[in-house]
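Novice:
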Amino acid sequence: GLRPERRIIASLSMDVPPQVLLGDSKVRFVSFGEAMIRFQPVLGQCWQGVPSAVSDFTRSVGGDELNVMVALSKLGCDASWISVLPRGPLGDVVKTCAADANVCLEHVATVEGSMGCYHVFPDVRLTHFERKHSAFCTQARGLFDWKQILAERGRDAALVWMHQSGISPMLGANARDSWLEAIRSAEAASVPVSVDLNHRPALGTLSQLWEIVEPELSRICLLILSVDSTFGLAEILGLKAGAEHGERPTKKPRVKAGGVYSADDDLNGLIQPLIETIHAKLQGPALACVMKTRAAGGKQQRWSLLVDAQGTHTTAEVPTGHMPKDECGGGSAWAAGTIHYLSHGLLAAKQRLPQREAGLVSFSSGA
Numbered sequence: 244g245l246r247p248e249r250r251i252i253a254s255l256s257m258d259v260p261p262q263v264l265l266g267d268s269k270v271r272f273v274s275f276g277e278a279m280i281r282f283q284p285v286l287g288q289c290w291q292g293v294p295s296a297v298s299d300f301t302r303s304v305g306g307d308e309l310n311v312m313v314a315l316s317k318l319g320c321d322a323s324w325i326s327v328l329p330r331g332p333l334g335d336v337v338k339t340c341a342a343d344a345n346v347c348l349e350h351v352a353t354v355e356g357s358m359g360c361y362h363v364f365p366d367v368r369l370t371h372f373e374r375k376h377s378a379f380c381t382q383a384r385g386l387f388d389w390k391q392i393l394a395e396r397g398r399d400a401a402l403v404w405m406h407q408s409g410i411s412p413m414l415g416a417n418a419r420d421s422w423l424e425a426i427r428s429a430e431a432a433s434v435p436v437s438v439d440l441n442h443r444p445a446l447g448t449l450s451q452l453w454e455i456v457e458p459e460l461s462r463i464c465l466l467i468l469s470v471d472s473t474f475g476l477a478e479i480l481g482l483k484a485g486a487e488h489g490e491r492p493t494k495k496p497r498v499k500a501g502g503v504y505s506a507d508d509d510l511n512g513l514i515q516p517l518i519e520t521i522h523a524k525l526q527g528p529a530l531a532c533v534m535k536t537r538a539a540g541g542k543q544q545r546w547s548l549l550v551d552a553q554g555t556h557t558t559a560e561v562p563t564g565h566m567p568k569d570e571c572g573g574g575s576a577w578a579a580g581t582i583h584y585l586s587h588g589l590l591a592a593k594q595r596l597p598q599r600e601a602g603l604v605s606f607s608s609g610a
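Residues in the sequence shown are numbered from 244 upward in steps of one, following our numbering.
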């Protein structure tokens, strides 16, 4: 069967030739964001009571923007990741990881500094971050010439797509300014922009993040929300599902862990009308959300929805059931698959940007 992102775009009426989906096309991707190194103890081992607390750890590299570019590269696309890394062995780990995935690193800035890391303690459901003084968070102002970067991406008349997250603008004033300059430069270059809001409470409140993102909505064609940020954004906007019909507020579902919710809740029944209401209020970008529930035995069910000017497109009736090897990165994989298809739909329709109908982004028309 179709993967989740393939199913959702099947309802978008986008005529995309099969050969285009194999990476044989003139579409290039670009993203700006932080990468971090994760350290997580091997499950089943106990360090307590062991001399020097010796234990085996898994080391891995991640970061939403880099994850998306890696996934797009694996789909055969030309994907470029823009970031700031420190000189030295830890920065080299990240560079090597990205280069091994054929991600373009031409515009990565290498400076003196430290590498952002985080440590996962699954037994107590704790993640400890060490990033405040990282090379990315302390980056200098004006490191990137976004006009030049986008011109390089768009060489030979290629269609360019930019993907961002809401993490970067919360990592310091200069990171925020680079993020804003990238999005505004994309608008000037007719480059579509997708943003995964990806709110992280440890970096600031959702209201603080929304103050940065909201003024940029006219420059964003796709805004990806989580279940939690959907409820939080509705509260900020003073909305509730079905408010125009006098219905009572929806009850927030019960999160189990890591963005996975109880299978006993009607998650889709709660989220879909709320996102439709937010979409109508914002009058701008298409909105999307990936939902996950876990039933007895640990099996996870995933489905998604996307709301644009043409209506709601959802895979709720055909969810994907699986046992994930890793709880991290699923949202990035979904984003990569979705923007891959949407961008190639634009290419097939000979459009550089999705159409807007009275301000509302439409990925369905003009195909």
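Glycine included, every Cβ here is placed at the ideal spot set by N, Cα and C.
1. Going residue by residue through the stretch 526-579, where are the continuous beta strand (DSSP E) segments of at least 3 residues, counting only ones entirely within it?
2. What is the DSSP secondary structure of I521, counted as helix, strand or coil?
3. Taking a contact to mean a Cβ-Cβ separation below 7 Å, would you say S316 touches V346 in this structure?
4. What does the Cβ neighbour count give for W324, buried or exposed, with the cut at 16 atoms within 10 Å?
5. Within 10 Å of its beta-carbon, does P412 have 16 or more other beta-carbons around it, so buried, or fewer, so exposed?
6. What distance in whole Å lies between the Cβ atoms of S428 and K390, which are believed to be in contact at a cut-off of 8 Å?
7. What first and last residue would you give for the beta strand (DSSP E) that runs through L286?
8. Buried or exposed for K535, going by 16 or more other Cβ atoms inside 10 Å?
9. Out of S575, P329, S605, which one is the CA nearest neighbour of G588?
10. What would DSSP say about P597, mapped onto helix, strand or coil?
11. Per DSSP, Q407 forms a beta bridge with which residues?
12. Please name the residue or residues paired with D321 in a DSSP beta bridge.
13. Leaving out five residues before and five after A400 in sequence, what residues of the same chain have Cβ atoms less than 8 Å from its Cβ?
14. In three-state terms, what does DSSP make of A401?
15. Leaving aside the five residues before and after A342 along the sequence, list all residues of the same chain whose C-beta is less than 8 Å from its C-beta, in chain order.
16. Here's the rule I'm using: 16 or more other beta-carbon atoms within 10 Å means buried, otherwise exposed. How should M358 be labelled?
17. Rounding to the nearest angstrom, what Cα-Cα distance links S450 and I479 in this structure?
18. Do you know how far the Cα of S303 is from the Cα of R462?
19. With distance defined between alpha-carbon atoms, name the residue in K375, L286, P294 nearest to F300.
20. Grab me the residues of H522's own chain with a C-beta within less than 7 Å of its C-beta, minus the 5 sequence neighbours each way, in chain order.
21. Specify, as a first and last residue, the run of the beta strand (DSSP E) that C360 falls within.
22. When the Cα atoms are used, what is the spatial distance from A579 to P294?
23. Give every residue of the same chain whose Cβ lies closer than 6 Å to the Cβ of T557, excluding the five residues on either side of it in the sequence, and list them in chain order.
24. Here's a check: name, in chain order, each residue in its chain whose Cβ is nearer than 7 Å to the Cβ of D307, leaving out the five neighbours to either side.
25. When burial is assigned at 16 or more other CB atoms within 10 Å of the CB, is E560 buried or exposed?
26. What separation, rounded to the nearest whole angstrom, lies between the Cα atoms of H376 and N417?
Specialist: Inspection of the coordinates gives the following:
1. 529-537, 543-551, 554-557, 563-565
2. helix
3. yes
4. buried
5. buried
6. 6 Å
7. No beta strand (DSSP E) contains L286, which DSSP labels as neither H nor E.
8. buried
9. S605
10. coil
11. V438
12. R271
13. K269
14. coil
15. L348
16. buried
17. 7 Å
18. 33 Å
19. L286
20. L530, V550
21. 360-364
22. 44 Å
23. L548
24. G276, S408, I410, D439, N441, S575
25. exposed
26. 13 Å
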